[in-house]
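When you number the sequence shown by this note's numbering, it's gap-free, plus one each residue, and the end is 453.
Glycine residues also receive a C-beta, built at the ideal position from the N, C-alpha and C atoms.
Just below is one structure, and these are the notes that go with it.
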Amino acid sequence: MIRSVPLRLAALRRHLPLGLSYIASSGSLVAASAAQLVTFAILARALGSSEFGRFVQLAALTNVAVHVCGIGASDCLLRRVSQNRAMYPAMLGHNLILTGATGVLLVALGLVAVPYWITISPDPATNLGATALFLVTNIVLVRLILLAELIFLGHSRFASANRAVVGYAVARTLTAIVACLVFSTASLAQWAAWQFAGNLLVVVAYAWWLRRLGRPRLAIVREEIRLGLYFCSQFVARSVRQNADLFMLGLVASIEVVGSYGVARRILDSSYLTIDALNRIAFPRFAKTSLDGIHATMPGARRLLPLALALGLATSAGLFVISGYLPLIFGRDYTSLTRFVGILAWLPLFIAASSVAMDVLGASSHQAERAVIVNATNLGGSLLIAWWSWWLPPNGTLAALYVIEACTVAAAWLILFRLVRRSATRKMQPA
């Protein structure tokens, strides 16, 4: 018994750095999540159900487009810089070129398509201008802001990455407070201008902050194009699936259901940050250990999985408990909100189970396999959501989400185990 004490202390010392990093990481993401929810609550009350419903629909569209912007270059930067800091100038230039080129194309396409679907203002000039500001903000500027966090993570500057996350969330909240509570913004067109100004200030501030890490070398890193496309396709497919429910409910359900479901989805997306906090610390470590083969990452993955599941369970339980109090925050008009959050509360447990395997695949450059998993489950899931949402709204939508996440868990771990066995066998073979 006495001999086991030093062993336990040694084990504690080994896990202490990860624990401290997680506390800092999760603290920043939880703070950012809280700020996001405050922002969302302010907008929901200020814009009203009609304007807020249009905001949710536009946000669903740009949530897909922002993952296309840059065609996966940000993940390539995180992986390559984590492995070799000397790659930073080239990968930064790679990101800026692809983000700029794809951003211009996406905004142009949006300006052609969006006015036929959503009208922000009855005045044609105001409608076009507000649409342009909304698209530039939520596609190009958001992509650049998110890149700052990944740059810091690639350099293992976790404290700076945490400050970048919290800083952006606080900036959005302050923008909403000034716009809605001080200047009484009550229309989506007005909010588009305020949101653009706030995000532009954040981009300028973060660019100044990052200047000491080095200047970009403006060139395309050709070998990363294919992996970037794989990565991009995964998140586009996931984003299409995540927003298919909003599109379908907008067709078959009342505006109150769409608004309540939109709020519930934002709360659920914010809850995933507790799991992301752990994964964002582990990803650079997986990237380094995977240089010896994907099988070398498994000891770390096995240690991480119980922690991820515990976080997922705690998050789910917390969501279930607070669901009854949400109308006090967002307003009594959102009558379905409590029911939606209570039913969806247990999804973070499934996300936690799949996230470890998916991060190992991504960090070890197995983007093709990861893309197959994500694209198959999410594109198939989009069809399932569309079918069940049309057949039995909104209960069919809620059931489809659980089926999709369960399939993702099974596929991710089965493919990971197969790759690990192949890698270990190859390592044992004589040269």
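> Does the distance from the CB of Ala211 to the CB of Thr148 come in under 8 angstroms?
Replying inline: The answer is yes: Cβ separation under 8 angstroms.
Suppose contacts are defined by Cβ-Cβ distances below 8 angstroms. Is Ala241 in contact with Gly115 by that definition? In this structure, Gly115 lies closer than 8 angstroms to Ala241 by Cβ.
| query | Relative to the C-alpha of Arg165, which residue among Thr207, Cys91, Tyr110 and Trp231 is closest? | reply | For Arg165, the nearest C-alpha among the options comes from Cys91.
Check: What did DSSP end up calling Trp368 once you bin it into helix, strand or coil?
Finding: In the three-state reduction of the DSSP assignment, Trp368 falls in the coil class, being assigned neither a helical nor a strand state.
- Query: What three-state label does DSSP hand Arg237 in the structure shown?
  - Reply: Residue state, collapsed to three classes: coil.
Next on the checklist: As an exercise, report each continuous alpha helix (DSSP H) stretch of at least 4 residues that is fully enclosed by the segment 124-198, in chain order.
Outcome noted: Listed in chain order, the complete alpha helix (DSSP H) runs (minimum 4 residues) inside the segment 124-198 are 146-157, 164-176 and 180-198.
Original post:
So what does DSSP say about Ser206, is it helix, strand or coil?
Top reply: Reduced to three states, the DSSP call for Ser206 is coil.
Hey, how far is the Cα of Ala367 from the Cα of Ala130?
Ala367 and Ala130: Cα-Cα distance of roughly 38 angstroms.
Q: Pair every Cβ in the segment 50-67 with every Cβ in the segment 199-209, then say whether three or more of these pairs are closer than 8 angstroms.
A: Three or more Cβ pairs drawn from the segment 50-67 and the segment 199-209 lie within less than 8 angstroms of each other, which places the two stretches in contact.
Quiz item: Whose C-beta lies closer than 6 angstroms to the C-beta of Phe218 among residues of the same chain, with five residues either side of it excluded?
Solution: Closer than 6 angstroms at the Cβ level, and outside the excluded window around Phe218, lie Leu155 and Thr159.
Exercise for review: With DSSP collapsed to three states, give me the class of His388.
Suggested key: Here His388 sits in coil by DSSP.
Item checked: Separation of Gly334 from Leu235, as counted between CA atoms -> Their Cα atoms are separated by approximately 35 angstroms.
#### Entry: Alpha carbon of Cys98 to alpha carbon of Ser282, nearest angstrom
Answer to the nearest angstrom: the Cα atoms are 36 angstroms apart.
Let me know the secondary structure DSSP gives Ala398 once reduced to three states.
-> For Ala398, the secondary structure class from DSSP, reduced to helix, strand or coil, is helix.
task: Give a yes or no on whether the C-beta atoms belonging to Ala259 and Asn106 are separated by under 8 angstroms.
output: At the C-beta level, Ala259 and Asn106 stay beyond 8 angstroms of one another.
Give me, in chain order, the residues of the same chain whose beta-carbon lies closer than 6 angstroms to that of Gly384; leave out the 5 immediate sequence neighbours on both sides. Taken in chain order, the residues that qualify are Arg392.
> From Thr337 to Leu371, what does the alpha carbon distance come to, in whole angstroms?
Replying inline: The straight-line gap separating the alpha-carbon atoms of Thr337 and Leu371 is approximately 8 angstroms.
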